[in-house]
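Asker:
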Amino acid sequence: MRRNWRYLAVGAVLLAGANAAPAQADSGDPLAGSPGLGDPYYPMDGNGGYHAGHYDVTISYDPPSHQLTGSTRIDAVATQALRTFDLDYSGPEVSKVTVNGLPAWFDRTDEHELVVTPLIPLLPGLPFTVQVEYAGAATGTDGAGWVFSPSGGAFVAGEPHSASAWYPLNDTPLDKATFTLHATVPQEWEVMSNGDKVSDTVQGAVRTVSWEMRQPVVGYLTTIAIDRFQFLEQRRANGTPLLSAFAPDASKAREVESRLPEILDFQEQLYGPYPFDTGGGIYVDTDLHFSLETQSRPIYAPWTDLGTVVHEITHQWWGDSVSVKQWSDVCLNECFASYTADYLWPERKDGKDVDAEYRETVAKYHDDPKFWEIPLQNPGKGSEFTSVYYRGPLFLHALRRIMGDDAFFPAVRDFVMGHTYGNASMPEFRAFMQTRTPHDLKGFFTAWLDRTDRPADEFLYPGSLRA
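Numbering (the working numbering), first residue to last: 208 to 674.
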């Protein structure tokens with residue numbers, strides 16, 4: 208995610224028609240999957256007792272009325288015996304749930320818990336399928352799900368939450384799954400999403416578009432965007448197809464997006480092969496205060512510039528392919544995206560003196576305690592999208608200078624490639640980087656990542672930064 212700081216300061220029915228039955232999972236019940244995974248910031252995100260493997264989402268959406276009808280199939284494997292389990296869902300009313308084709312009891316509790324009780328308990332190690340049917344008005348949000356466009360279209364964007372607003376899932380970075388979308392809209396509208404567009408058919412007054420994301424994806428990185436789009440098709444030299452879409456008042460961004468092949472080539476030199484088999488961007492014309500790295504095809508706000516595209520494309524490695532284990536690890540996502548866009552691209556493409564920029568920034572905020580008060584590792588709930596943007600690039604540049612380019616760049620490339628399609632944490636990153644340099648980094652990491660004051664000069668001005 209890249210935020211626009213003009214907007215934000217730095218700083219059960221058992222059968223159809225029957226009544227729903229209470230089914231809240233009992234945390235003390237050994238046959239109940241836990242309703243959350245205990246993330247320190249969002250403890251109710253995700254669910255225990257199973258792993259999701261694939262989501263097949265079928266929806267129809269009517270832009271004038273915002274009416275949504277959905278049917279989502281979740282293919283999963285039980286990791287324990289399950290009498291009951293939870294899905295994360297905050298969307299329109301649920302009408303029916305089945306498990307392995309049999310009607311299941313369900314109940315909705317708290318903000319986003321859909322508690323499901325199968326007719327026949329599930330056995331550990333065995334696959335199962337859940338089908339959830341739902342319908343109602345999509346509800347607009349400010350960065351946590353549906354966003355309505357001035358043209359009458361709509362799209363989904365939000366971090367760390369957005370997916371549960373339009374389909375049920377195991378909403379945690381720790382349980383990635385492949386994803387397919389089938390969306391039906393009035394024929395004059397277009398539909399964009401993640402991955403490959405595998406079909407686009409018009410029958411009478413309706414259009415149905417199918418998209419497929421073959422690499423595993425975290426829920427908040429899935430999206431749907433519906434608008435009267437214009438398109439830009441490109442292809443990288445290696446054959447990777449790139450499809451980008453522009454809402455009616457976003458066509459001026461075509462010039463920036465035309466540089467996507469160049470940006471991907473640049474990123475590959477830093478972080479290894481592009482991890483997905485297609486790419487592009489979705490440019491909306493809605494007054495949005497952030498752009499978001501939705502997998503393979505980011506959502507871009509109207510204020511998007513070249514730096515924003517470089518930032519979001521960096522996330523395809525840092526955040527999308529390699530995702531956080533907990534939200535306290537968010538520096539892995541945002542520190543690298545910000546450093547790449549704000550330092551590495553200007554340095555290598557424009558010849559900018561980034562050491563000078565670093566010193567100027569440090570000098571400007573040297574005696575400002577507020578600049579240093581939010582730690583980069585474990586910044587705290589509500590502060591996770593703050594210091595990682597403005598101090599994150601400084602941290603990585605100082606780390607680069609203490610290690611040297613010959614150690615730093617191969618190390619970060621090896622780290623991200625070693626966790627492809629998986630998860631990583633900041634403690635893992637710290638330990639790995641230490642193995643790639645003879646310098647003792649313990650004090651450096653403590654000063655930059657853990658403390659809430661300015662690092663001592665030995666850590667603030669390492670290597671060539673002393674000059």
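Cβ atoms here follow ideal geometry from the backbone N, Cα and C, with glycine treated the same way.
State the Cα-Cα distance for the pair D613 and D560, rounded to the nearest angstrom.
Answerer: Your numbering for residue 613 matches position 406 in the sequence shown. Your numbering for residue 560 matches position 353 in the sequence shown. Answer to the nearest angstrom: the Cα atoms are 19 Å apart.
Asker: Return helix, strand or coil for W534, following the three-state DSSP convention.
Answerer: Looking up residue 534 in the sequence shown gives position 327. W534 falls in the helix class under three-state DSSP.
Asker: Just checking, does the region 402–421 make contact with the region 461–477 on the three C-beta pairs under 8 Å criterion?
Answerer: no
Asker: Name the residue from V516, F386, M399 and H522 whose alpha carbon lies nearest to the alpha carbon of A454.
Answerer: Looking up residue 454 in the sequence shown gives position 247. For A454, the nearest C-alpha among the options comes from M399.
Asker: Taking the alpha helix (DSSP H) that V468 falls in, what are its first and last residues?
Answerer: For this step, residue 468 is matched to residue 261 along the sequence shown. Per the sequence shown, the amino acid found at residue 468 is Pro instead of Val. Unbroken alpha helix (DSSP H) run through P468: L467 to Y478.
Asker: M399 lies in the beta strand (DSSP E); which residues open and close that run?
Answerer: The residue you call residue 399 lines up with position 192 of the sequence shown. It spans E397 to S400 - the beta strand (DSSP E) in which M399 sits, taken as one unbroken run.
Asker: Tell me, please, whether the region 578–594 touches the region 520–529 by the rule of three or more beta-carbon pairs shorter than 8 Å.
Answerer: no
Asker: Output the distance between the C-alpha atoms of A351 and R290, rounded to the nearest integer angstrom.
Answerer: For the purposes of this step, residue 351 is taken as residue 144 along the sequence shown, with counting starting at 1. For the purposes of this step, residue 290 is taken as residue 83 along the sequence shown, with counting starting at 1. For A351 and R290, the distance between alpha carbons rounds to 31 Å.
Asker: So within the region 609–669, which uninterrupted alpha helix (DSSP H) runs reach at least 4 residues, ignoring any that extend past its ends?
Answerer: 612–625, 633–641, 649–652 and 664–667
Asker: Using CA atoms only, rank isn't needed, just tell me which of L294, P299 and I433 is closest to V306.
Answerer: For the purposes of this step, residue 306 is taken as the residue at position 99 of the sequence shown. Distances from the alpha-carbon of V306 to those of L294, P299 and I433 put L294 closest.
Asker: Going by beta carbon distance, what residues of the same chain come within less than 6 Å of S241, once the five residues before and after it are set aside?
Answerer: Counting from 1 along the sequence shown, the entry for residue 241 is found at position 34. So the qualifying residues of the chain are G255.
Asker: Buried or exposed: where does Q476 fall if 16 or more other Cβ atoms within 10 Å of its Cβ makes it buried?
Answerer: Within the sequence shown, the letter at position 269 stands for residue 476. Burial call: exposed.
Asker: To test your reading of the DSSP string, which unbroken alpha helix (DSSP H) runs of 4 or more residues are found completely within the region 511–579?
Answerer: 513–521, 538–546, 552–557, 561–572 and 576–579
Asker: Where do the N-terminal and C-terminal ends of the alpha helix (DSSP H) with V463 fall, by residue?
Answerer: Position 256 of the sequence shown, counting from 1, holds the residue named residue 463. Run containing V463: R461 to E464, per the alpha helix (DSSP H) assignment.
Asker: Any idea what DSSP makes of V392, helix, strand or coil?
Answerer: Here residue 392 corresponds to residue number 185 of the sequence shown, with the count starting at 1. If DSSP states are grouped into helix, strand and coil, V392 belongs with the strands.
Asker: Excluding the 5 residues preceding and the 5 following G359 in the sequence, name in chain order all residues of the same chain whose CB lies nearer than 6 Å to its CB.
Answerer: Position 152 of the sequence shown, counted from the start, is the residue given in the question as residue 359. Excluding positions up to five away in sequence, the list reads P270.
Asker: Have a look at the DSSP bridge pairing and note the partners of Q422.
Answerer: Here residue 422 refers to the residue found at position 215 when the sequence shown is read from its first residue. Looking at the DSSP assignment, Q422 forms no beta bridge with any residue, so it has no partner.
Asker: For V322 and A259, I'd like the C-alpha separation in whole angstroms.
Answerer: Locating residue 322 in the sequence shown gives position 115, where the first residue counts as 1. Locating residue 259 in the sequence shown gives position 52, where the first residue counts as 1. Near 16 Å, if we compare the C-alpha coordinates of A259 and V322.
Asker: Would you mind reading off the limits of the alpha helix (DSSP H) that contains V595?
Answerer: By 1-based counting over the sequence shown, the position of residue 595 is 388. That run of the alpha helix (DSSP H) goes S594 to Y597.
Asker: With H, G and I counted as helix, E and B as strand and the rest as coil, what does DSSP make of P250?
Answerer: As a working note, residue 250 is residue 43 in the sequence shown. Secondary structure of P250 (DSSP, three-state): coil.
Asker: Give me, in chain order, the residues of the same chain whose beta-carbon lies closer than 6 Å to that of Q231; leave out the 5 immediate sequence neighbours on both sides.
Answerer: In the sequence shown, residue 231 corresponds to position 24, counting from 1. Per-residue confidence for Q231 stands at a pLDDT of 45, beneath the threshold of 50, marking its modelled position as unreliable; the derived number appears in the next sentence. Contacts found: T316 and V322.
Asker: Where do the ends of the beta strand (DSSP E) carrying W353 lie?
Answerer: For the purposes of this step, residue 353 is taken as residue 146 along the sequence shown, with counting starting at 1. Its beta strand (DSSP E) spans residues A351 to F355.
Asker: Please state the DSSP three-state secondary structure of Y374.
Answerer: Here residue 374 corresponds to residue number 167 of the sequence shown, with the count starting at 1. Y374: coil per DSSP, three-state reduction.
Asker: Which residues mark the beginning and the end of the beta strand (DSSP E) in which T316 is found?
Answerer: Translated into the one-based positions of the sequence shown, residue 316 becomes position 109. Taken as a continuous stretch (DSSP letters only), the beta strand (DSSP E) holding T316 covers W312 to T316.
Asker: Counting pairs of Cβ atoms below 8 Å between the region 405–415 and the region 388–395, do you hit three or more?
Answerer: Counting Cβ pairs under 8 Å, three or more are found: they touch.
Asker: Report all residues from its chain with a CB closer than 6 Å to the CB of A508; omit the five preceding and five following residues, and keep chain order.
Answerer: For the purposes of this step, residue 508 is taken as residue 301 along the sequence shown, with counting starting at 1. So the qualifying residues of the chain are L495 and S498.
Asker: Roughly how many angstroms lie between the CA atoms of H522 and Y596, to the nearest whole one?
Answerer: Walking along the sequence shown from the start, residue 522 turns up at place 315. Walking along the sequence shown from the start, residue 596 turns up at place 389. C-alpha separation (whole angstroms): 13 Å.
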